[in-house]
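Residue numbers (my numbering): 287 to 416. Ideal placement from N, C-alpha and C gives every residue a C-beta, glycine not left out. Notes follow once the structure below has been shown.
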Amino acid sequence: MQRAFLARLLYEMNELDSSLTAYRKALLYDSSIAKTACSGLGAIYLLKGNNDSAGYYLTKAIKLGDSSAYTYLNLSFLNMHRGKREASFAFADSALAKIDSLPGVAAGISLVYYRQQAVEKSKDMYRIAV
Numbered sequence: 287m288q289r290a291f292l293a294r295l296l297y298e299m300n301e302l303d304s305s306l307t308a309y310r311k312a313l314l315y316d317s318s319i320a321k322t323a324c325s326g327l328g329a330i331y332l333l334k335g336n337n338d339s340a341g342y343y344l345t346k347a348i349k350l351g352d353s354s355a356y357t358y359l360n361l362s363f364l365n366m367h368r369g370k371r372e373a374s375f376a377f378a379d380s381a382l383a384k385i386d387s388l389p390g391v392a393a394g395i396s397l398v399y400y401r402q403q404a405v406e407k408s409k410d411m412y413r414i415a416v
């Protein structure tokens, strides 16, 4: 658990390479946090533009039972980058169903819709965020 905490802290400090290493070690040494580590790895790979690895780890996190709105939001962004509009919207809707008062997720969903010219839906999500 401590490795996952360190990985998340490094992620928040924008130390992405160090965070990748910490998440990999966490995954290797503590299988109880596998879904969290996979989600973290997927998020970092997405930020780094490695969509194949991002897709692998984010999908693995979901298969392991991750229900985090952030994981679904990252899958939405991934599909947006891949030009898969309908899949992007489907994951955005799944993230919305799981947000539980997380304004950052609502803002991210707003951005997904805005960048894909769904302006009215984007405005609705923005209102939820603020």
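Reference residue 338, options 368, 410 and 372, closest by Cα: 368
Distance, residue 364 Cα to residue 381 Cα: 13 Å
Alpha-carbon to alpha-carbon, residue 295 and residue 417: In the structure displayed, the chain extends from 287 to 416; residue 417 sits before or after that span and is not available.
First through last residue of the alpha helix (DSSP H) which encompasses residue 299: That residue, residue 299, is in no alpha helix (DSSP H); it is neither H nor E in DSSP.
Residues near residue 374 by beta carbon distance below 7 Å, same chain, minus five either side: 362, 365, 366, 398 and 402
Coil, strand or helix - residue 368 by DSSP: coil
Residue 313 vs residue 320 beta-carbon contact at 8 Å: yes
Cβ shell of residue 331 (< 6 Å), same chain only, five flanking positions each side left out: 339 and 340
Collapsed DSSP secondary structure at residue 398 in the structure displayed: helix
Beta-carbon spacing of residue 327, residue 302 below 8 Å: no
Chain-order list of residues whose beta-carbon lies under 7 Å from that of residue 377 (same chain, five-residue window excluded): 358, 361, 362 and 365
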